[in-house]
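**Student:** Just so we're aligned: the sequence shown equals residues 4 to 299 in the numbering used here.
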Amino acid sequence: QYFELEEWLDLMISSIGFNPRSLSLRQKVILITRIVPVAQPRVNLVELAPKGTGKSFVYDNLSRYARVIGGGKITPAVLFHNLASHTPGLITRYNVIVLDEVQSIHGDSAGELIAGLKVYLESGRYSRGSTMGTAEASFVMLGNITLDENRQPIRQDTGLFREIPNFLRETAFLDRIHGLIPGWEMERVTKDTPSKSLGFKGDFFSEVLHVMRRVAQYDEYASENMVLVNCNDLRDHKAISRLAAGFLKLLFPDMKPTEEQFKEFCVKPAVELRQRIRDELYKLDPEYAKVEIWYE
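Listed below in structure tokens is the structure:
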């Protein structure tokens, strides 16, 4: 409450290791989006960007509660439960699971993993053998895409996920993702990227975000103060509500935004994230109606 919004936003950016002076407001919001899954339970995001834009940097350096793992190294035993050693999987031990290089997950061995992920992303439940359970871990998937000379995705018109030859092209899986982060709008990491300003110490900030995951009042505030238009699909509404609550936690932890601030910095980015998923679903399968979600 003692900060102007711009000051607070810059403090958040500096706390995750980036220099706010080298970023536009939109790029700052993209960076804040990366840590929404750290503060908000069971948020599922995909970020597509070229290499060298720092996609995994935040998760590697911000929180001991986040686990980054190469997509080619993930198995159902590692993720959910190891039947041989009776060891609980990563989703029960971390707040955020980040699958880096997600395009490397492919082949027949991925079948059980993807089936289990579909169930978990939808309901928070998992099972392997006779072991069943629930978890609150958020999921982030990072993929590389190619840009044209104008720094736009080369497959923007035909479908961004067509460049990734695996399960991310399955609409049944993609529909369970809450939002698509436009990582292609971020610049490559340079010597000017690291923060040169004051920020929260990493372990302190990590603990604050960990504790905030358990605070339900932000979800209630978002649900009570958000008016969505043309949003009749349950998955759309759930995704936007969860994301808006996450932005509220990070940008207005005192829950005292003005009506316009809540719309501009919580609801608007949440709608945009989910709208990109809806757009990609339509490109992959015309059976998904073209929907334009808005807010009042």
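Cβ atoms here follow ideal geometry from the backbone N, Cα and C, with glycine treated the same way.
No experiment lies behind these values; they were computed from the predicted model shown.
1) For the alpha helix (DSSP H) that contains Gly249, what are its first and last residues?
2) Helix, strand or coil for Asp1 per DSSP?
3) State whether the region 275-292 contacts the region 182-202, with contact taken as three or more CB pairs (one from each stretch) at a distance under 8 Å.
4) If you reduce the DSSP assignment to three classes, tell me which class Met258 lands in.
5) Flag this pair as touching only if the region 146-163 and the region 53-65 have three or more C-beta atom pairs under 8 Å; answer yes or no.
6) Taking Cβ positions only, does Pro289 come closer than 9 Å to chain D?
7) Among the residues of its own chain, which have a CB less than 6 Å from the CB of Met144, if the five just before and after it don't count?
8) Excluding five sequence neighbours on each side, which residues of the same chain lie with their C-beta closer than 8 Å to the C-beta of Pro23?
9) Let me check understanding here. Comparing Cα to Cα, which of Gln155, Leu86, Phe6 and Asp195 lies closest to Gly132?
10) Please report the straight-line C-alpha distance between Tyr97 and Phe208, rounded to a whole angstrom.
11) Does the distance from the CB of Ala247 to the CB of Met229 come in under 9 Å?
12) Check Glu50 in the structure and name its three-state DSSP category.
13) Count the other CB atoms, across all protein chains shown, that sit within 10 Å of the CB of Leu28; report buried if there are 16 or more and exposed otherwise.
14) Just tell me which of Ser130, Arg45, Asn64 and Gly127 has its CA closest to the CA of Val2.
15) At a threshold of 8 Å, does Leu276 count as lining the ligand FAD (C-beta to nearest heavy atom)?
16) Just to check my reading of the structure: Thr95 and Ala138 have Cβ atoms closer than 8 Å, yes? What is that Cβ distance to the nearest angstrom?
17) Straight-line CA distance for Val274 to Gly92?
18) Quick one: Cα of Arg172 to Cα of Ile296, how far?
19) Provide the residue(s) that pair with Tyr285 in DSSP beta bridges, ordered along the chain.
20) What distance in whole Å lies between the Cβ atoms of Leu177 and Glu283, which are believed to be in contact at a cut-off of 8 Å?
21) Tell me which same chain residues have a C-beta within less than 7 Å of the C-beta of Ile117, skipping the five on either side of it?
22) Taking the beta carbon of Asn47 as the centre, do at least 16 other beta carbons fall within 10 Å, making it buried, or is it exposed?
23) According to DSSP, Met144 sits in a beta bridge with which residue or residues?
24) For Tyr97, which three-state DSSP category applies?
25) Using the rule of at least 16 other Cβ atoms within 10 Å of the residue's Cβ for burial, across every protein chain shown, is Arg37 buried or exposed?
26) Along the beta strand (DSSP E) that carries Thr134, what are the first and last residues, could you check?
27) From Phe142 to Val41, what does the alpha carbon distance come to, in whole angstroms?
28) Here's a check: name, in chain order, each residue in its chain whose Cβ is nearer than 8 Å to the Cβ of Leu251, leaving out the five neighbours to either side.
29) Please identify the residue among Tyr123, Tyr68 and Ile33 whose C-alpha is closest to the C-alpha of Glu190.
30) Can the beta-carbon of Phe21 be found closer than 9 Å to that of Thr196?
**Tutor:** By the coordinates alone:
1) What you label residue 249 is simply residue 246 of the sequence shown in a count that begins at 1. Leu237 to Leu254 is the span of the alpha helix (DSSP H), which, as asked, contains Gly249.
2) A question about residue 1 goes unanswered here, because the residues of the chain that appear run from 4 up to 299.
3) yes
4) Counted from its first residue, the sequence shown places residue 258 at position 255. Coil.
5) yes
6) In the structure shown, chain D does not exist; there is a single protein chain.
7) Taking the first residue of the sequence shown as position 1, residue 144 is located at position 141. Closer than 6 Å at the Cβ level, and outside the excluded window around Met144, lie Val49, Leu102 and Val105.
8) Taking the first residue of the sequence shown as position 1, residue 23 is located at position 20. Within the same chain, Pro23 has close Cβ partners Leu12, Asp13, Ile16, Ser17, Lys31, Ser198 and Ser200.
9) Here residue 132 corresponds to residue number 129 of the sequence shown, with the count starting at 1. Measuring from the Cα of Gly132, the nearest candidate turns out to be Leu86.
10) For the purposes of this step, residue 97 is taken as the residue at position 94 of the sequence shown. For the purposes of this step, residue 208 is taken as the residue at position 205 of the sequence shown. In a straight line, the C-alpha of Tyr97 is about 16 Å away from that of Phe208.
11) Within the sequence shown, the letter at position 244 stands for residue 247. Within the sequence shown, the letter at position 226 stands for residue 229. Contact: yes.
12) To locate residue 50, count along the sequence shown from 1; it is residue 47. It is a strand residue.
13) As a working note, residue 28 is residue 25 in the sequence shown. Leu28 should be labelled exposed.
14) As shown, the chain starts at 4 and ends at 299. That puts residue 2 outside it, with no answer to give.
15) Within the structure as shown, the ligand FAD is missing, as the structure has no ligands at all.
16) Sequence index remark: in the sequence shown, residue 95 carries index 92 (1-based). Sequence index remark: in the sequence shown, residue 138 carries index 135 (1-based). Right, their Cβ atoms sit about 5 Å apart.
17) Position 271 of the sequence shown, counted from the first residue, corresponds to residue 274. Position 89 of the sequence shown, counted from the first residue, corresponds to residue 92. Cα to Cα, Val274 sits roughly 32 Å from Gly92.
18) Working through the sequence shown from its first residue, we reach residue 172 at position 169. Working through the sequence shown from its first residue, we reach residue 296 at position 293. For the pair Arg172 and Ile296, the Cα-to-Cα distance works out to about 22 Å.
19) Position 282 of the sequence shown holds residue 285. In the DSSP output, where bridge partners are listed per residue, Tyr285 has none listed.
20) As a working note, residue 283 is residue 280 in the sequence shown. As a working note, residue 177 is residue 174 in the sequence shown. Between Leu177 and Glu283 the Cβ distance is about 7 Å, and since that is below 8 Å, they are a contact.
21) Counting from one through the sequence shown, the residue named residue 117 turns up at place 114. Here the set comprises Phe170 and Phe176.
22) As a working mapping, residue 47 is identified with position 44 in the sequence shown. Residue burial is scored here from C-beta neighbours: Asn47 has at least 16 other C-beta atoms within 10 angstroms and is therefore classed as buried.
23) Indexing the sequence shown from 1 puts residue 144 at position 141. Answer by DSSP bridge pairing, in chain order: Val49 and Leu102.
24) Within the sequence shown, the letter at position 94 stands for residue 97. If DSSP states are grouped into helix, strand and coil, Tyr97 belongs with coil.
25) Taking the sequence shown and counting its residues from 1, the one referred to as residue 37 is at position 34. With at least 16 other beta carbons inside 10 angstroms of its own, Arg37 counts as buried.
26) As a first step, residue 134 must be located in the sequence shown, where it is residue number 131. Per DSSP, Thr134 belongs to the beta strand (DSSP E) from Thr134 to Thr137.
27) Looking up residue 142 in the sequence shown gives position 139. Looking up residue 41 in the sequence shown gives position 38. Near 9 Å, if we compare the C-alpha coordinates of Val41 and Phe142.
28) Translated into positions along the sequence shown, residue 251 becomes position 248. These residues qualify, in order along the chain: Tyr221, Tyr224, Ala225, Met258, Pro260, Phe265 and Cys269.
29) On the sequence shown, position 187 is the one that residue 190 refers to. Among Tyr123, Tyr68 and Ile33, the Cα nearest to that of Glu190 belongs to Ile33.
30) As a position in the sequence shown, residue 21 is number 18, starting the count at 1. As a position in the sequence shown, residue 196 is number 193, starting the count at 1. By the CB criterion at 9 Å, Phe21 and Thr196 fall inside the cutoff.
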